[in-house]
Each structure stands twice: as C-alpha cells, then as structure tokens.
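Peer 1:
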Amino acid sequence: MLGQGRHTALALMSLLLLLWHEATPIEVPQDPKIQQDLKQPPTIVKQSVKDYIVDPRDNIIIECEAKGNPVPSFSWRRNGKFFNIGKDPRVTMRKRSGTLEIGFRSGGRPEDYEGEYQCFTSNDFGAALSNKILLRVSKAPLWPKEVLEPVVVTEGSPLVLPCNPPPGLPPPFTFWMNSAMTPIPQDKRVSMGLNGDLYFSNVVAQDAHTDYSCNARFLFTHTIQQKNPFTLKVLTKEPYNDTSYNATDPYGGRKVAESTPTFLSPSGSESSKMVLRDEQLLLECIAAGLPTPTIKWFKKGGDLPGHKVKFENFNKTLKIISVSEEDAGEYVCMANSHLGSIRHSISVQVKAAPYWLDKPTDLVLAPDENGRLVCRANGNPKPTIQWLINGQPIDSSPLNPSRQVLGDTIIFRSVQMGSSAVYQCNASNQHGYLLANAFVSILDMPPRMLGPKNQLIKVIENNRTFLDCPFFGSPLPELRWFKNGQGSGLDGGQYRVYINGTLEIKRARAEDEGTYTCVANSILGKAENQVRLEVKEQTRIVKFPEHQSAIRGSTARFNCKVKSDPSLPVTVTWTKDDKFLYLGWRLRKDDESLTIPNVNEGDEGTYTCTVKSEIDEDSASARLTVLEEASLNPSVSSALPPDRPDPPMDLDLSDPAARSVRLTWIPGNDHRSTITEFLVEFEEDRWEPGRWQNLSTYPGDLNSVILQLAPFVNYQFRVIAINSVGQSQPSSPSPRYKTSGAAPDVIPRGLRGWGSKKDNMEITWEPLLDLERNGQNLHYNVWWRRKDVGEEWSNMTTEGSKHIIHNTETYVPYEIKVQARNEFGPGPESNMVIGYSGEDKPTDAPTDLRVSKVDSTKANIHWKSVDPNSVQGEFKEYRLYYCRESSLVPGLMVSKENKTKGFYSTTPQPSSILSDLVPYSKYKMFIVVANSRFEGPPSNSVEFSTKEGVPDAPRFFRINRRSFDTIYLEWDKPLEPNGILTGYQLKYQTVNGSRVGRQQLETFLPNMTDFTLRLPDRSTRYKFLLSALTQVGAGEVYAEESPHFTNEGDKTVKVVPVNQQPPIRVADLIAGAAYRLRVYSHELNSISSNYFTFKTKAAYIDQVDIATQGWFIGLMCAIALIILILLIVCFIKRSRGGKYPVSIKCLGGCCVTGFAKYLVRDKKDLPLDSVDQKDQDGSFDYQNGSSVPDRNENENRSLESSDEDNKPLQGSQTSLDGNVKESDDSLVDYGEGGDGQFNEDGSFIGQYTVKKDKDETEGNESSEATSPVNAIYSLA
C-alpha cells in the first residue's frame, strides 16, 4: 500500500507540472517608442555605498537615483523613522531625483547628521528601496599629550616601541620617522608590525637615537600627526666605536650574549583569527633573538596556496588576497636560528557575508502568464531570506491568490492586470546583508512593428540573405511570413524564421524575387510590414589581367572584362601596388582593358582591376615586369655549386570565392637546382595571429594555384620554394583575404553523457577547432531524452562544451545528440549517443558468503548475487576483501594487509577461486558489489584457515672454510615456514666441471642451524642443497657451492642490513658466481620480495695462487739478479768504444756535462756529408778540424738524446776491434767555456765548455754531474 501511494503521489505531481507552464519572461526592446508608452514600476539605478564616510569640510551628498514610468517620487528614512526634509533648512532634495544635499554654510555640525539612511522611490506600480546607508563623518583626533621617558635597553635584547595611534575614521596609516623626516630603516631585524608598533628583534649600539617618532596619516583630511619621539639608550658591556660598525658584524667585534628565538607578536604558542570571504587575510609573526631569527610559514594538512600568498615585511607577514573557504585552516609560523626554533599556530576561520547565487531580476509578464522570482544567496553562517513587496514584509501584505512564496522562490500563476509591484529580497546573516529589487510588471500591449516600413532588399543570386522584421507585443505575438500575399506561412525548406522575426533565405534564386509580408498576431490585435526582395546577377570579372613582362619602350595591355546584372550600374577602377592609379595623358583605359604605352621602369608593379556595384564587387590582379633589351649573348652558366632557391615574389590573389582563392607568384632564382615543390603557408589573425601553418604543397612547375579555404577566416599567405638543396626563405606575405562565414561543417566530437552526481548527467563534447567555427557566435544545441520512455526531446543552447542535467533519476539511460551553430546557421547533427545519469551507492549486499575446498594456497568461494536494480549504476564487479589475520605457526608475526580481488559474474550464485594464499594461516574476508563509482554494503564475514604447506627456503645459507679440510655451514629459519618445521635436509655432492659425484644426504632437527663437514680432499669443490621440512614435505632449496680458500668464506652468501632508501650496493661477491637476491623484513617474516637471480663476471681461473708460494718468489729473485749482472757487463762494454749518449742537465741556467770527452769527425779522413752542410739550429764549417759556433746563438739550448744515440758517428774512425777512435783534433782546444752538443751524425747543435785550468772555472757555479759512464770508468 505504501508503494502504491507513493506512485500515485508521483503521478499527481507530474500531472501538476504538465498543467503549469512557466512562460519565458518578456524582453522589452529598447525602442524609444516602446519605452515611451511602457508603464513600469521604479528601478533604482544609483545609490551611495552602504558604509558611507564623508569629509566634515564638505557638504554631504547621499545619492538615490531611479527610473520608472510614471516618474517615481522619493522619500527617506533616517534611523528607521520618516525623515522630514522640509523641516530642516540645511537639507534639500534634487529635482526629479532622490539625492539629498546637506549644506553647512549657515552653520551646523556634520556629526549631527550621522545615522542610517534608506531611500524609498515609488510610482503607481510599486515602490523600490535602496540599501541602508550608514553615514559617518571622518575623524582625525589628536595624539594625546604624554611625556615619554627614555627607553634604556641592553645591547642584544629585544625591544618594542609602542605607537598606539589615535582611533580615527577610517583608521590612520602609521609609519615611523626621525626628526629629519627620514623613514626609520627597516630590515629583518627592525620592522613595524600591523598594529603600528616598532619591533627590534635585538638591539645594537647604533640603534641609540633620540628621535624615534610614530606618525599617523589620516586619508580624508590629508593630515599627518606625530607622536612625541622616543629616546633610545643602549647599554653595552664593552666600549662602542662608530667606526667599527659594519653590516656583517653589527657588534663591532664585541661579545654579546646570544639568545634563542622568542615571539614578540603574537604571544603564546597558538592564536586564532576570523576573516570574511573575499577580504584580505594578514597573519603576522615577529620574533626576537640573537642572531636575528628567520621566519618561515606552513599550513597544516596542505600546501600554502602559492598563487594567492604573498610574504611581506621580510617574511614576517603572510598575506592572502581575496580569501575563500578553502583558505581556512591552521597556519604555522616558525622562527629559526642556529640556537633553535619555536612555532606559533594560528587557527584561521573563514566566514562569509551573504553573496548572490541567483539574484532576482525584473519580470515582465503578459496577463494569464506564469513566472517566478528566485533569490538564492550563500554565506557562513547560512543567510536568512526575507521577501518584501513595495518595501513592506510580504507576510503583512494583502493575500494574492496568484502568488505563492516557497522559501527563496515566489511563483506567479495566471497573473492579472493591476498586480504589478516591486519585490525586495533581503539575505542577511551576522556579517552583513544583501538587498535586491525586482519588479513584476504585468504588461498588455498590442503587436507593433519596430522596423522601417516597405524596405527594399537587393541580394546577389545564390547568396544567403536575411529579411528583418522586428516586432513586439504583450503577450508575445506569433509571427508568420507570406510571399506576394499568397499561400501559407514560409518556414522550412530553404526558408527559416527566427524567434526575433527574421526570415532567412538560404540560397536566393531568381524565382525568390517578390514582396514578403511579416504578420504579428496576438489576442490583442495584429500588425504587419512588407519587404521587397530583388535578386541580382553576380558582378564578376570574366577576363582576368595576366602577368606579363614587357621590354622597355614597348606597350603593355591588361584585360578586365566585366559581366554584371543589367539593372546594377558598375564602376571599374585600377590601382597600382594598392594605390589609386592616375591615368594622365599616357595611360588609356576603356571598358575592358588598361593600356600602358612606352613602358618604362616606373611602370613595373602589380595592377589591380576592381569592379563595384552597390551590393557586391570583384577584383583581379596581375604583375608587370619591365625588361631591358634582350642580350644577343646567351648567359654563361655559373660553375658555382647549387644552392637553396630565392623566395618567391609578388604574391597575388585573384578569383575570390566563398571557400577558395587563386594565389599567383613569381618564382625566385633556383640557383642551379630546379625547384621541385612549392609549400604554401597561411596565417590568420583571429584565433592564432602570427602563427604560420602549412596549407598545401604544389609541383615546382606551377606558380598559380587555387587554394581551398575555410569559411570566416582572414587569411594571409606566403610561399616557400623547395629544391634538392633545401627550402628557400618564406616569401613576403600576400594581401589578406577574408572568406565569408558559413554554418559549421563539422559535428562536435567526443560526445558522451555521464553522471558526476547521483542525480545529474553531464553531457560533454570536444569544442570545434578554431578553423572549424566558420563564423562568430558559435554555440551548441544539445538534445536529450530518456531512452525507451517515449518522451519529447529536451534541448538547450550553450557556448561551452558541457551541459549538466539536474534532478535525474539514478543511473538511467538517455539519448543525447549535439549540433554546432553559429550566426550563419546550424551545422549537421551528431549521431545519437547513449549516456547515463549518475551512479549511487549500491543498496544491497551479497549474501551467504562461504568457502569450500580449502588447501594450502587457494580456496573456493561462493556467494549469492544482488538484485541488478540495487547496484544503482553500471555493474563493475564483485569485490572481495580478504586479510591474513595471523599465522598458525606459534610466535610468527604477520602483516595484516588488506587485499582485494575482483570477480565479474552475473549468475545468481557465483563462485570463484581465491589463490595466492599463504599456507597455514588464518584469513578473514567479506565481499561487496561495486559499480563504477561506489561500493555497496559488505556481506557476512567469513573466517577460514589454509592447510599446511612446504616451507620457503632458509633465510640465508653461509659456507665458511675454517681450515683446509673442514667447511662450516650455517643457515637460518625460513621467512615463511608454512607449517610446523620438522627439520632440515642437506644434500651435497662433489663438482668437477660438468661431472658431479654421488649425492649424499644429511638431516637435522628443526632447532639445528649449523653443521661442520670434513673434506677428504681440500681441493675438491662441493655443491650443497639445503631445504626445510614440514609434515607435507621439503620446501624450496637453497643451493650453494663451497669456496676453495679460507679468505672466500664470507663472500658466498651475505645478509646486508638496509637502513636507507634504495639503491643499495652489495659488495664482496665471488667473481663468476651465480646469486639469488631478495629483500625481506626482519621483524615481519611475511613481507618479502621475489627472488632475483644474477651472475657476477669471471675474474680468474679457479687454481692455486702461486704468487704466494715461496719457491716462486725465490725463482723471481734469481732471475732479477741475473738481469742486473748482464746490464753491468753491457755498460762496461760500452765504456770502451762506440758512441755514448750526451746528457746535459741544466740547473739554474748552468749546464752540467754528462761526460767529459767528445768524439768529433776527423776533417782529414772523411768528407763532409750532405747533412752536415746546415742544421736547422744553425750552420758551421769544419775549419782546422774544429768548429766554434756563435755562443750567443746557442747559449740557451739544451742537449737532447734520441733513441738512436747508440749508432756510430758518421765520419768517425773505427779501430780494428770495432771501437771508435778519439779524434786528434778535439774541439776542446777551441773551447771558451761553453758546453757542446752533437746530432746523431756528429754535427754541432749546442755550446760546450772545457775546463782549461782550475782558476778559470772557480767562478762557475755549475758542477759536473756524475754520469753512468763516469761511474763505469771508475769501476774499470
């Protein structure tokens, strides 16, 4: 019965909604004739601000202006009582206005007129109210006289100099200055607070002044008042010297005790602040301390709104402009220095005075129509709504059966003449109020035509045209069009009638000529108007001028043959380079051409022929190029390599059409590489001005092409030439060409309907691209209707790309479609798309959840499904929540992590398998049904336990070699025993390359975690396989191979404690070994990663290191000794003959000769070789068996030894035993103190010095180095 009653109520409500039709409010045109005859209630158009502060030196003017018909009268209330203006000679009201003027020439005090004023304006149709205007007189009180004692403070201590300005209206602006009217410098240490006080975080000696003065500036009176100055004395523990001050050390090297940060303002550790929405939030923290603390700001539970927050006063003030509700919260300021930090928390509450959500607007209705006034406001706290009619509470007004007040809405039904009134909506809370006037005017006016009578419209054939017929009436008349006074109304086909009365003819033809009559009908009468339409032939150029080149002195002729409608007179004009062409005596023009005789260089340019009629025009252009006389000699091809082409020139537009234009250009020089392609780019100045985009490419043999264009775009073109080398620079832009508009061609893409809330559906689509708009005033028509219920289409028009349907049922299908439309008409409609309204939480829970066939890692689950209607959305899945509550192994800690798994099933009693469970564990689970947004209530909870399984691998397995014949094995329990451990089993066998020995088995009790194994052969490698055991069987195997050497014992398996974020470096691994790696929690055994296997690179062959063997070390020493003896013998051998390398070591500018004897060529025995004639370092001759080079030339050269120093000198005499003989004629006989150097061939390349006697060399600071040869001589 209850359900039946509910359906009956819904049906009754639907019937009432169908019976009550709300008319669209009438929009009254601003036509002077209409406005003159229109009777309307008053409307306030100008008033003073709510909080009105006036200057006491001026007259007081309180504004109140209103309009209405008849002209409204005005009255005032002051402090809630009628204000009798006639009784006060100082108060006058302006004529035809409600503005008050209060003058004080004859005396009187402005303060006597302070109070709350409200203006009332009324005529025969209602009364409107102004806001309540609070009038206050500006005040600038004097500073109280006071004697300020000197302020004495210890250096380094904090200080606050109070300002306490006199309370003014409005409050004064405060600032601090000294006696020289110079602002007190402010910085991180010294600054003024929001209350005007001057704060010192710590005082320094140079702060001592006698003229700290707080000043208050009053805005209205433009006066500044100064407080008596403070005298500040600073006590220092050490003498202070002004010259020792600097910014980095304000204490001049004196020792001042440091102090931790404390707050000077605000006090305590927390405070609160309330701010109104859209106002400015100012939070302040000023700290004391030495060194000066820095201030930082935070917001608990979120980030500071960076786009709104500003930090001022050296970070001490946080400022948020235009506060909103999301700015509420707890703000924390922190004062920090190296001695510590303190915090202060400020709790910010954001309240709001009332603000409009839906402000009531004027309503014009015809008799018997319906309408509504809506007044919606928000605030914090929520404002109360009060309705008034003509300034009186609506509750106390006479009862009106056509009016119903429903909270913030007034509904009018079947209104009648005489019920016009002005309604006031007052929304108020403790922080303020809003007052809005909206009149309801009942208007009856017979139809009337607003446009000119009997218009003549001329249109070009095949063009779209619009015949306007503006009209008005109340009630709104029905408008129909007729042609030649015959037939039924024109609408449909190529005709379309707009709601404003305009008739659109989509494509005018000759048969559309005639007289069109628009007729407006209503119950109050009829009005009509006529429009005469004439269809004309298009004016066009049928023979275009063509580009041509003319030799200087010849005659050029441009054609321009025109075809037009015979009834339309046309004019033909010529321009050159976009400037009017003056014909003069030389140029000749007729109806079809322009002739230019005796062409010269000044005639070169672009010539444009333009033909105009009164309703259309056409133009075409061509370029004239003037050439010199043709040369008899053909040009010679350049041997230069090919290059990029020059840019095209002289771009010209012709053949304009609705969606195309002809572009012509002159190619530039191709620079010896044929142009293969032209790229045409465009730029438009409406959507993306300045951005060039590719339009199309054309073959290189074309220079005139027709461009396909989009409607309603102001194009500009440029051309780029392309050859085998590359692209040219872009050409100069063409003239702009604007295509005419058209209806959209494109269907909006991405149409879909979805619900963001349970009772709405958002219809969204992708907006058209800029070049797809085809015209101005782009908007979208959206249609929707419930699917499969047979209801009519609902529609609306929007400029955006989204429309929200409210008050829908939960998750019901809708048919939707969209269409783009602009000022030229509608585009194609989209295909119908199915969308769904919003989803809600499922109401039913799955029932009878149970498990069966539980083994160690999986279980079968079963449940009963829910009613599909209870899902209240798109069925997504059944979502199982399960959690491992505990392990059945005593003492094993586990992580109680909730996991989910989804199952898609539409059967009445679904079932599935839950896998990947941990053996020997206790689980708890429940299941819910989920749609795309919500989950339903949980089912019954089920607990179950998995059976025992095989254990995981031991946590680690280490192999240590403690001696040559024993291996020590150590391991730990598995992370997950998966049951009760019964022991461990160890299998091992010898490994020799690919051959393995017989496997041996050892078993251990569960409490054993180490084992010592004796090896029969210490050089044998073993492979070990260790696994844990439960009653079910052996678990995962941990495999390792034994190392060979005692220093490898810790390099096989290693546990690395991790106390940092990854990556982690694992060191001390064995080269060429395979490893398994996993990461696990030491506290919670169940938390572990999967195993990862890797192998290190090979570094050495598996054999004994002979480098540590004694016999090998002895052998190496013997070999080294033998080599040393052989080297000594070789040196002795060299000392008895042959060529020896010369080594001179220069120390401090003096050269020391490596050995004392030099071998030179015997001039008598050997001829000069060709290489001896000249050396790059200088030249010399063999004279008397010697050569003395220029000392200065070779003074700074150093001797160098080459790899070929051991070769015999060219030209030296060789003895029978192969030794080189010393020359009889030595260079020593001619030396004068220099050192000598020779090339491989014996030529001189440096200076030489020979000790003639002891006395001559005593002053020489250089000493002769002991060379290896000298050492060998000594041994010999």
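Here the sequence shown stands for residues 434 to 1709, numbered as in this note's numbering. The beta carbon of each residue, even a glycine, is placed where N, CA and C say it ideally should be. Here the structure is a predicted model, which is why all the values come from computation and not from measurement.
(1) Leaving out five residues on either side along the sequence, give the residues of the same chain with a beta carbon under 6 Å from the beta carbon of R913.
(2) Short of 8 Å in beta carbon distance, which residues of its chain neighbour E961, apart from the five on each side in sequence? Order them along the chain.
(3) By the 10 Å Cβ neighbour count, where 16 or more other Cβ atoms means buried, how is F515 classified, buried or exposed?
(4) Could you check the C-alpha separation between N1373 and P1246 for me, to the nearest Å?
(5) Can you tell me whether D760 is buried or exposed, with buried defined as 16 or more other CB within 10 angstroms of its CB?
(6) Report all residues from its chain with a CB closer than 8 Å to the CB of I1558; omit the five preceding and five following residues, and keep chain order.
(7) For V623, which residues of its own chain have a beta-carbon under 8 Å away from its beta-carbon, when the five flanking residues on both sides are left out?
(8) Between which residues of its own chain and S563 is the CB-CB distance below 7 Å, once the five residues before and five after are set aside?
(9) Once DSSP output is grouped into helix, strand and coil, what is the label at I1552?
(10) What three-state label does DSSP hand S1298 in the structure shown?
(11) Pull up the distance between the alpha-carbon of M1790 and that of Y1244, whole angstroms please.
(12) Rounded to whole angstroms, what is the Cα-Cα separation between R1431 and T1280?
(13) Report the partner residues of H740 according to the DSSP bridge assignment.
(14) Please list the terminal residues of the continuous alpha helix (DSSP H) segment that includes D1134.
(15) Taking the alpha-carbon positions, what's the A854 to L957 distance?
(16) By the 10 Å Cβ neighbour count, where 16 or more other Cβ atoms means buried, how is R990 classified, buried or exposed?
(17) Would you report the Cα separation of V1238 and L1128, rounded to the nearest angstrom?
(18) Spatial neighbours of H771 within its chain, please: CB distance less than 8 Å, with the 5 preceding and 5 following residues excluded, ordered by chain position.
(19) Counting pairs of beta carbons, one from the region 1042 to 1053 and one from the region 996 to 1011, are three or more of them closer than 8 Å?
(20) Under 9 Å, Cβ to Cβ, is there at least one residue of chain C near V807?
(21) Among A943, M707, R809, F1457, whose alpha-carbon lies nearest the alpha-carbon of Q782?
(22) Can you tell me the Cα-Cα spacing of N1693 and A1551, whole angstroms?
(23) Short of 6 Å in beta carbon distance, which residues of its chain neighbour W1217, apart from the five on each side in sequence? Order them along the chain.
(24) Suppose you measure from the CA of S506 to the CA of T554; what does that come to, to the nearest Å?
(25) Please look up how many angstroms separate the CB atoms of R1056 and H980, rounded, as I've assumed it's under 8 Å.
(26) State the DSSP-derived secondary structure class of D1085, mapped to helix, strand or coil.
(27) Counting only the same chain and skipping the five closest in sequence on each side, list residues whose C-beta sits under 7 Å from that of E544.
(28) By DSSP, does R1567 sit in helix, in strand, or in coil?
(29) Excluding the 5 residues preceding and the 5 following E1025 in the sequence, name in chain order all residues of the same chain whose CB lies nearer than 8 Å to its CB.
(30) What residue does the beta strand (DSSP E) around Q619 start on, and which one ends it?
(31) Distance, Cα to Cα, I494 vs L533?
(32) Mark A943 as exposed unless 16 or more other C-beta atoms lie within 10 angstroms of its C-beta, in which case mark it buried.
(33) Determine whether the beta carbon atoms of A799 and L876 lie at a separation below 9 Å.
(34) Exposed or buried, what is D1385 when buried is set at 16 or more other beta-carbons lying within 10 Å of its beta-carbon?
(35) Going along the chain, which residues of its own chain have a beta-carbon closer than 6 Å to the beta-carbon of S847, five neighbours each way excluded?
(36) So does the region 1075 to 1090 actually touch the region 1113 to 1128, counting three or more Cβ pairs closer than 8 Å?
Peer 2: Quick look at the numbers:
(1) Position 480 of the sequence shown holds residue 913. Within the same chain, R913 has close Cβ partners G922, V952.
(2) Mapped onto the sequence shown, residue 961 falls at position 528. M882, T950, C951, V952, A953.
(3) Reading the sequence shown from its first residue, position 82 is the one you call residue 515. Classification of F515: exposed, given that the 10 Å Cβ count is below 16.
(4) Start at 1 with the first residue of the sequence shown, and residue 1373 comes out as number 940. Start at 1 with the first residue of the sequence shown, and residue 1246 comes out as number 813. So the alpha carbons of these two residues sit roughly 32 Å apart.
(5) On the sequence shown, position 327 is the one that residue 760 refers to. Looking at its Cβ environment, which holds 16 or more other Cβ atoms inside 10 Å, D760 is buried.
(6) Within the sequence shown, numbered from 1, the residue matching residue 1558 stands at position 1125. Here the set comprises nothing.
(7) Looking up residue 623 in the sequence shown gives position 190. For V623, where only same-chain residues beyond five positions count, the Cβ hits under 8 Å are I617, L631, Y632, F633, S634, D640.
(8) Here residue 563 refers to the residue found at position 130 when the sequence shown is read from its first residue. So the qualifying residues of the chain are I477, Q480, C497, Q551, C552.
(9) The sequence position of residue 1552 within the sequence shown is 1119, counting from 1. Helix at I1552.
(10) For the purposes of this step, residue 1298 is taken as the residue at position 865 of the sequence shown. Three-state DSSP puts S1298 in coil, outside helix and strand.
(11) Summary: the structure shown does not reach residue 1790, with the chain confined to residues 434 through 1709, and so no result is reported for it.
(12) The count along the sequence shown starts at 1 and reaches residue 1431 at position 998. The count along the sequence shown starts at 1 and reaches residue 1280 at position 847. Between R1431 and T1280, the C-alpha separation is close to 59 Å.
(13) Translated into the one-based positions of the sequence shown, residue 740 becomes position 307. In DSSP, H740 forms no bridge with anything.
(14) Stepping through the sequence shown from its first residue, residue 1134 is reached at position 701. According to the DSSP assignment, D1134 belongs to no alpha helix (DSSP H), since it is labelled neither H nor E.
(15) Locating residue 854 in the sequence shown gives position 421, counting from the first residue. Locating residue 957 in the sequence shown gives position 524, counting from the first residue. Their backbone Cα atoms lie some 23 Å apart in a straight line.
(16) As a first step, residue 990 must be located in the sequence shown, where it is residue number 557. By the neighbour-count rule (16 or more Cβ atoms within 10 Å), R990 is not buried but exposed.
(17) For the purposes of this step, residue 1238 is taken as the residue at position 805 of the sequence shown. For the purposes of this step, residue 1128 is taken as the residue at position 695 of the sequence shown. Correcting the residue identity first, residue 1238 is Ile in this sequence and not Val. Distance between the alpha carbons of I1238 and L1128 is about 41 Å.
(18) Position 338 of the sequence shown, counted from the start, is the residue given in the question as residue 771. For H771, where only same-chain residues beyond five positions count, the Cβ hits under 8 Å are P724.
(19) yes
(20) In the structure shown, chain C does not exist; there is a single protein chain.
(21) Translated into the one-based positions of the sequence shown, residue 782 becomes position 349. With distances taken between Cα atoms, Q782 lies closest to M707.
(22) Residue 1693 sits at position 1260 when you count from the first residue of the sequence shown. Residue 1551 sits at position 1118 when you count from the first residue of the sequence shown. Low local confidence applies: a pLDDT of 38 at N1693 is under 50, so the model's placement there is unreliable, and no value is given.
(23) On the sequence shown, residue 1217 is found 784 positions in, with the first residue counted as 1. Closer than 6 Å at Cβ, skipping near neighbours: S1227, Y1247, I1249.
(24) Stepping through the sequence shown from its first residue, residue 506 is reached at position 73. Stepping through the sequence shown from its first residue, residue 554 is reached at position 121. Between S506 and T554, the C-alpha separation is close to 5 Å.
(25) As a position in the sequence shown, residue 1056 is number 623, starting the count at 1. As a position in the sequence shown, residue 980 is number 547, starting the count at 1. Contact holds; Cβ gap of about 5 Å.
(26) Within the sequence shown, numbered from 1, the residue matching residue 1085 stands at position 652. Strand.
(27) For this step, residue 544 is matched to residue 111 along the sequence shown. Answer for E544: V570, listed in chain order.
(28) As a working mapping, residue 1567 is identified with position 1134 in the sequence shown. Here R1567 sits in helix by DSSP.
(29) Here residue 1025 corresponds to residue number 592 of the sequence shown, with the count starting at 1. Closer than 8 Å at the Cβ level, and outside the excluded window around E1025, lie K976, N992, C993, K994, V995.
(30) Within the sequence shown, residue 619 is the residue found at index 186, counting from 1. Premise fails: Q619 is in no beta strand (DSSP E) and is neither H nor E.
(31) Against the sequence shown, residue 494 aligns to sequence position 61. Against the sequence shown, residue 533 aligns to sequence position 100. In a straight line, the C-alpha of I494 is about 6 Å away from that of L533.
(32) For the purposes of this step, residue 943 is taken as residue 510 along the sequence shown, with counting starting at 1. It is exposed - the Cβ of A943 has fewer than 16 other Cβ atoms within 10 Å.
(33) Within the sequence shown, residue 799 is the residue found at index 366, counting from 1. Within the sequence shown, residue 876 is the residue found at index 443, counting from 1. Their beta carbons are under 9 Å apart, which means A799 touches L876 by this criterion.
(34) Against the sequence shown, residue 1385 aligns to sequence position 952. The residue is buried, with at least 16 neighbouring Cβ atoms inside 10 Å.
(35) Along the sequence shown, read from residue 1 onward, the residue named residue 847 stands at position 414. These residues qualify, in order along the chain: D801, S835.
(36) Result no; under three Cβ-Cβ pairs closer than 8 Å.
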